[in-house]
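So the sequence shown is numbered by our numbering: it starts at 495 and just counts up by one. From the three backbone atoms N, C-alpha and C, an ideal C-beta is built for every residue, glycine too.
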Amino acid sequence: EALAKLVQETAERTLGPAPVRIGRHPKRLLAYRSNQPLGRRRLWFARLDNGSAHLVELLGAQQQYVVEGVHPHTQQPYSWDQDLVALGRDGLSCISDRLLNGFFAELTVMLELFGCEVLDDQSAAGGARKDRGKVDQTALRGNPDSVAEAVSLIPNTSELFPTRADYIRIGYAIKAACGEDEARGRELWLDWTARWEGDDDHPDGNDPGDALRDWNSFRPPFEIGAPFLYALAARYGFNFAGEEFDALEEPPVEAGAEPNDEDRPEEYSDAALAMRFRAQHRPVARYVGTWGNWFLWDGKRWALDDTDQAFDFARGVCSKASAEILRETAGSDRRAARKVASCQVIGAVLRVAQTDRALARTPEGWDGNPWLLNTPTGIVDLTTGTVRAHDPNRYCTKITAVGPAEQGIAACPLWLRFIADVTGGDDNRAQYLQRVVGYCLSGSTREHALFFAHGPGGNGKSVFVDTIGKLLKNYAKTAPMDTFTAARGERHPTDLAMMRGARLVAAQETEEGHRWAEAKIKALTGGSPISARFMRQDYFEFTPQFKLLIVGNHKPAIRTVDAAIRRRLHLIPFTFEPAKPDLLLPQKLLAEWPGILAWAIEGCLQWQRVGLCPPDSVIEATQKYFEEEDAIGRWITERCEYVADATTTSNDLFNDWRIWCADAAEYVGTQKRFAQSLQQRGLQKWRQPKTGRSGFRGVRLRKDQSCADFDDGTLLEPAGGEKEQLIH
């Protein structure tokens, strides 16, 4: 039943809804129509737990199935969940070879994830399994940009890839898909593996060295490649059509081509006028229903239609149709001409066009390639630094303020002096800042980092962030600081929606006494999809590409200094104090923006080669910050001592922690969270089976600093509900 339901759901998701016939439960048949002859297709698969083989089959041209009658085995009539007569031929979803390719590819992935193995016909009959050496390796390769987009959309979670074998399959598929461009494939693999948050056994996630060794161990011949990645990514919004844009080539039927004569709507109807709209404006117009917006190609990017130009396009179509009616009727049918040109019909035409398969797109796929940066002079490939021509197929909605200078960093001498000043002449920190900005150009979030530029006012940190933000233009967003600090109420999800497609999100002016919203920061920097919505629109999911860059004079508090926060936070000290601040510096730097972008692109290439590599000044400042905020660490130092054979109950430790927090004005939290924090520090849990008492081994309270030193007779309530008298 579960497998039959899986096949049905996959078909309805990739091919469209269909009436279902049940004959011998749980087997089922789904009915579709096609405008072209389709050949028979078969997919055999076996359950690995019992070896039983099953078949999914497409009945193609000249094949038949029973619509009404009695099943020969069950002796029960066939049943349909819909009335086929009422539904009619036009009520069936139309399928094609391209859609079927997508269905069988995704079904293969889903079956493998459900513990099944796809077989060839001989395997199903009991013969040998498929020989990888017989797989056409060229058929596994894909367009490098499409492969990169697909990999960027696939989450790396333990739920989706529970075993090492599942995880390794992605590596094999990437290597096969990239073919001879092994460097590109390796970068995609390392980026994808870095997105794993880790588990109890691997709290720091994947080790880059281990991931690289895994990559080097992948050897051909391969049996999965680009089709496997495309099918898996399609579940997260990847568009199988990929290279769909071609103004000179008529799209297939399901993508919105002209219908046959018998299916053509009446001339001057809303549907017919919407077809004219598509024919005229398909090269430059797309509609995203989830966002409720049109996007128009301006020759360099798909820009949000914020002036209702799409409505003006529809007005032009209707005005021309109105003039045609007047010409064809010699002016005698002015009523019909007025109606076609009315605001009501114009709006109706636009609404019909919004649903046209050639014009409608889902939110996924826009700005999907994390290694492309769109600029006014072309699209920069951040893996090489080369500039390509603008291409509507890349679906870029963002664009920088300027293109990179041809002469490189030689075009920004003032900026280089500024960087030298704010880093106090520290070349290591200057190069680190260049790598940080370069990392922010990309859509990769593999570093899982939050950058916090801290220091007193007037030291250049705001000029640094503002210059980079304005240079990146649409790729940069500014968020209110309380988006990232804890508050009682949840902010509207539009705060997150506006970050879709951004590469940099900056916030300034941290306030004293606030603390980080740690769970939100972990979610935003973890590389997993997040949900958001625009005002009065539906929720949608997107995988963050942005990096967080916070600027402030005050350090927000950290409630839990755990491994995840330690891995993410980079505190960048800005301590430069100019003798005479140059108030016109931001304006002077405008002329150097092309050179600054070239400097940032060079930093991106350096980051890909060596990583962020924070200098000692950043490491030391960050560590000091953690020590200041690590309340449990300070409590252990002041109130505990490590003794190998010692055992202390959880209640005793937590009671002492509560007393210490009251004196230090620190947050207590729950006993469960307290115990988890001790475990994360390497303390071993201990339990006495006979009495049920539990605690930790290897630690005890200092005799001179224990709870017993408090002689006020305070009664504490342990988690178990028993009250203990604190006696001096």
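With a 10 Å radius around its C-beta and 16 neighbouring C-beta atoms as the bar for buried, classify residue i as buried or exposed.
i            : result
residue 943  : buried
residue 1164 : exposed
residue 1136 : exposed
residue 667  : buried
residue 559  : exposed
residue 1033 : exposed
residue 737  : The predicted model places residue 737 with a pLDDT of 37, which falls under 50 and marks its position as unreliable, so this point remains unresolved.
residue 1016 : buried
residue 504  : buried
residue 619  : Summary for residue 619: the model assigns pLDDT 31, below 50, so the residue's position carries little reliability; its value from the coordinates is reported in the next sentence. Classification for residue 619: exposed.
residue 672  : buried
residue 1224 : Here the chain covers residues 495 to 1222 and nothing more, so residue 1224 does not appear.
residue 939  : buried
residue 660  : exposed
residue 817  : exposed
residue 823  : exposed
residue 1182 : exposed
residue 829  : exposed
residue 758  : exposed
residue 804  : buried
residue 723  : buried
residue 643  : buried
residue 826  : exposed
Is the beta carbon of residue i less than 8 Å from the beta carbon of residue j?
i            : j            : result
residue 1019 : residue 1001 : no
residue 727  : residue 647  : yes
residue 945  : residue 991  : no
residue 539  : residue 611  : yes
residue 894  : residue 1091 : yes
residue 892  : residue 968  : yes
residue 996  : residue 970  : yes
residue 511  : residue 587  : yes
residue 909  : residue 1084 : no
residue 581  : residue 513  : yes
residue 789  : residue 800  : no
residue 1251 : residue 1112 : Look at the range of the chain in this structure, 495 to 1222, and you will see that residue 1251 is not part of it.
residue 550  : residue 537  : yes
residue 1109 : residue 922  : yes
residue 846  : residue 812  : no
residue 1194 : residue 1180 : no
residue 534  : residue 569  : no
residue 872  : residue 883  : yes
residue 473  : residue 1126 : Summary: the structure shown does not reach residue 473, with the chain confined to residues 495 through 1222, and so no result is reported for it.
residue 702  : residue 688  : yes
Could you tell me how far apart the beta carbons of residue i and residue j are, in whole angstroms, since I believe they sit closer than 8 Å?
i            : j            : result
residue 890  : residue 796  : 7 Å
residue 1227 : residue 1036 : Lying outside 495 to 1222, the shown extent of the chain, residue 1227 is not represented and no answer is given.
residue 957  : residue 1088 : With a Cβ gap of about 18 Å, residue 957 and residue 1088 do not count as contacting.
residue 600  : residue 508  : 6 Å
residue 596  : residue 670  : With a Cβ gap of about 19 Å, residue 596 and residue 670 do not count as contacting.
residue 1123 : residue 1055 : 6 Å
residue 886  : residue 785  : With 8 Å as the limit, residue 886 and residue 785 do not qualify as a contact, their Cβ atoms being about 18 Å apart.
residue 874  : residue 898  : 7 Å
residue 649  : residue 936  : 18 Å between Cβ atoms; not a contact.
residue 998  : residue 934  : 5 Å
residue 1120 : residue 1060 : 6 Å
residue 645  : residue 767  : So it is not a contact: roughly 41 Å between Cβ atoms.
residue 1133 : residue 1196 : 6 Å
Under 7 Å: does the beta carbon of residue i sit that close to some heavy atom of the ligand COA?
i           : result
residue 668 : As far as ligands go, the structure on display features none, and thus does not contain the ligand COA.
Say whether chain D places a C-beta atom closer than 8 Å to the C-beta of residue i.
i           : result
residue 682 : Of the protein chains in this structure there is only one, and it is not chain D.
Every unbroken alpha helix (DSSP H) inside the segment 1068 to 1093 [4 residues or more] = 1079 to 1083
Identify every run of the beta strand (DSSP E) within the segment 991 to 1055, keeping only runs that are complete inside it and at least 3 residues long; order them along the chain.
-> 998 to 1002, 1024 to 1026, 1034 to 1036, 1041 to 1046
Would you check if the segment 864 to 881 and the segment 768 to 778 touch, i.e. whether three or more CB-CB distances between them fall below 8 Å?
-> no
Could you tell me whether the segment 945 to 961 touches the segment 1142 to 1157, using the rule of 3 or more Cβ pairs below 8 Å?
-> no
For the segment 902 to 920 and the segment 1066 to 1085, state whether three or more C-beta atom pairs, one from each stretch, are separated by less than 8 Å.
-> yes
Please specify which runs of the beta strand (DSSP E), each continuous and at least 3 residues long, are wholly inside the segment 818 to 906, giving them in chain order.
-> 866 to 869, 872 to 875, 880 to 882
Are three or more beta carbon pairs between the segment 705 to 724 and the segment 957 to 972 nearer than 8 Å?
-> no
Hey, is the segment 921 to 938 in contact with the segment 630 to 639, meaning 3+ C-beta pairs nearer than 8 Å?
-> no
Sequence ranges, beta strand (DSSP E) only - wholly within the segment 1137 to 1193, length at least 3 | 1178 to 1181
Does the segment 838 to 845 come close enough to the segment 800 to 809 that 3 or more CB-CB pairs lie under 8 Å?
-> yes
Hey, which unbroken runs of the alpha helix (DSSP H) at 4 residues or more fall wholly within the segment 529 to 611?
-> 578 to 581, 591 to 607
Counting only runs that start and end within the segment 628 to 716, where is the beta strand (DSSP E) found for 3 or more residues in a row?
-> none
At which residue ranges does the segment 1091 to 1130 contain complete alpha helix (DSSP H) runs of 4 or more residues, listed in the order of the chain?
-> 1110 to 1123
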